[in-house]
Amino acid sequence: MSNQLKSLINVNLSGVLLGTSGILSKLIFLPAHIIIFGRALVAMICLVGFVFITKQTQKINSIPDRVSIVIQGILLTLHWVTFVHSIQVSSVAIGFISFFTYPLMTTILETILYKDRFEFKKVINGLLVLTALWLITPEFTLGSASFHGVLWGLFSASCFAIRNLLSQHSLKSYSSAYTMTLQVIVSTLCLLPFSQLFHIEYTQTDIIGIIFFGTVVTALAHTLLISSLKSLKASTVALVASIEPVFGILFAFIFLKETPSMATILGGSLILYVVVSETINNRKADLLPI
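If you count the sequence shown from 1, position 88 lands on 203 in the numbering used here, and the numbers rise without skipping.
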């Protein structure tokens, strides 16, 4: 099996697992930063144990690599917290759809950083995305929950896009599990001062949800995602990962009885169309040479 095929399988599996993050954000009745602290802490324990058992620990001597790890960890933390908050203040569908503008952001950033060429089609696609966001937001007023959900989702998307580009273009000499371990350590340390670890009452559902969040949705899914970036371009990964909101909205429909409106479905379809057309039409050499 080729490295590219393994990476495609990994990113698809990662998308399905990450699709459960929407219902977990609704089922765990805790503030977003508390959920993410628990998620990062559990993931850190799992990954530290894994990299030591499998002997994947490596010494990082390069200062640029150390800086990159810290920046990626901070961006990952911001992405996680704002994504969960987006879903909590609106709905699973709005949170996922607004967040999944990140593939378009990724493609635009790759063009700016590595092509330095203006393309008019990107302006058209940007307008289509704005139209889609208008469709999924029932009230475009500063006080509406859906509007806040879209804004937080967009901020989460920008953090995730930048983090993925950094992951693709740095730290390639380190294992995926080790890179993810370092990032969740940074995330845990960032949120530790705000954790209120011993001042919050946790239900059994909260504890089970956070453990699942930390092990399956974080340690496993994000390690698979990072590993795919070693053989595939960030825009390719973003395109394939578009399966995530499909499963996220499906899981919300099954477990939370959240039925997306026709406008939400139309807006999500429009964003998916933009993602697919932008990536397929403008990325003629998606696979990196191995």
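All residues carry an ideal CB built from backbone N, CA and C; glycine is no exception. These figures come from a predicted structure and were not determined experimentally.
Margin query: In the DSSP assignment, the alpha helix (DSSP H) including F370 goes from what residue to what residue?
Written below: For F370, the uninterrupted alpha helix (DSSP H) segment begins and ends at I358 to F370.
Item checked: Residues near E359 in its chain [Cβ-Cβ closer than 6 Å; skip 5 each side] -> G130, L133 and G134
Next item on the list: Quick one: using the 10 Å Cβ neighbour count with 16 as the cut-off for buried, is T318 buried or exposed?
Entry: exposed
Margin query: Pop quiz: V196 and H148 are said to be a contact at Cβ under 8 Å. What is the actual Cβ separation, rounded to whole angstroms?
Written below: 5 Å
Notebook entry, point to check: Which two residues bound the contiguous alpha helix (DSSP H) that contains Y293?
Noted result: S291 to L306
Notebook entry, point to check: Given D231, which residues of its chain have a CB within under 7 Å of its CB, disregarding the five upstream and five downstream residues?
Noted result: The predicted position of D231 is uncertain, since its pLDDT is 48 and thus under 50; no value can be drawn from it.
Check: Mapping DSSP to helix, strand and coil, what is L344?
Finding: Three-state result, L344: coil.
Notebook entry, point to check: Comparing alpha-carbon positions, which option in F328, N127, I341 and S206 lies nearest A260?
Noted result: S206
Next item on the list: Mark V332 as exposed unless 16 or more other C-beta atoms lie within 10 angstroms of its C-beta, in which case mark it buried.
Entry: buried
Next item on the list: Would you kindly work out how many angstroms separate the C-alpha atoms of W249 and F362, rounded to a whole number?
Entry: 22 Å
Next item on the list: Return the residue from the list D321, L304 and I369 that minimises the CA-CA distance to M159.
Entry: Here the closest residue by C-alpha is L304.
Note to self: Just to confirm, is the Cβ distance from A276 to T221 under 7 Å?
What the structure shows: yes
Check: Using 8 Å as the Cβ pair cut-off and three pairs as the minimum, do the segment 342-349 and the segment 151-167 touch?
Finding: Touching, no.
Margin query: Can you give me the C-alpha to C-alpha distance between G137 and T374, rounded to a whole angstrom?
Written below: 14 Å
Next item on the list: Measuring alpha carbon to alpha carbon, tell me which of L269, G383 and R181 ends up nearest I364.
Entry: G383
Checklist line | Burial state of L307 (16 or more Cβ within 10 Å) | finding: exposed
Check: Excluding the five sequence neighbours on either side, which residues of its own chain have a C-beta within less than 7 Å of the C-beta of K287, listed in chain order?
Finding: Cβ-Cβ distances below 7 Å link K287 to K345 in the same chain, with the five nearest sequence neighbours on each side left out; the list follows chain order.
Check: What residue from N125, A208 and Q187 has the CA that sits closest to L281's CA?
Finding: Q187
Notebook entry, point to check: Are the Cβ atoms of F328 and L139 separated by less than 7 Å?
Noted result: Their beta carbons are under 7 Å apart, which means F328 touches L139 by this criterion.
Next item on the list: Please list, in chain order, all residues of the same chain as A367 whose beta carbon is under 6 Å from its beta carbon, the five residues on each side excluded.
Entry: G137, I138, V207 and E373
Notebook entry, point to check: Which term fits I386, buried or exposed, when burial requires 16 or more other beta carbons within 10 angstroms of its beta carbon?
Noted result: buried
Checklist line | For K236, three-class secondary structure by DSSP | finding: helix
Notebook entry, point to check: Which same chain residues, not among the five before or five after A292, have their C-beta less than 7 Å away from its C-beta?
Noted result: L162, F165, V166, Q171 and T338
Next item on the list: Identify the continuous alpha helix (DSSP H) that holds Y217 and give its terminal residues.
Entry: Y217 to E225
Item checked: Nearest neighbour of L335, chosen from D321, T294, L347 and A353 [CA to CA] -> T294
Checklist line | Beta-carbon proximity of I143 to G324, cut-off 7 Å | finding: yes
Notebook entry, point to check: Using the beta-carbon count (16 or more within 10 Å), is Q173 buried or exposed?
Noted result: It counts as exposed.
Checklist line | Which of helix, strand or coil DSSP assigns to H314 | finding: DSSP, read as helix, strand or coil, puts H314 in coil.
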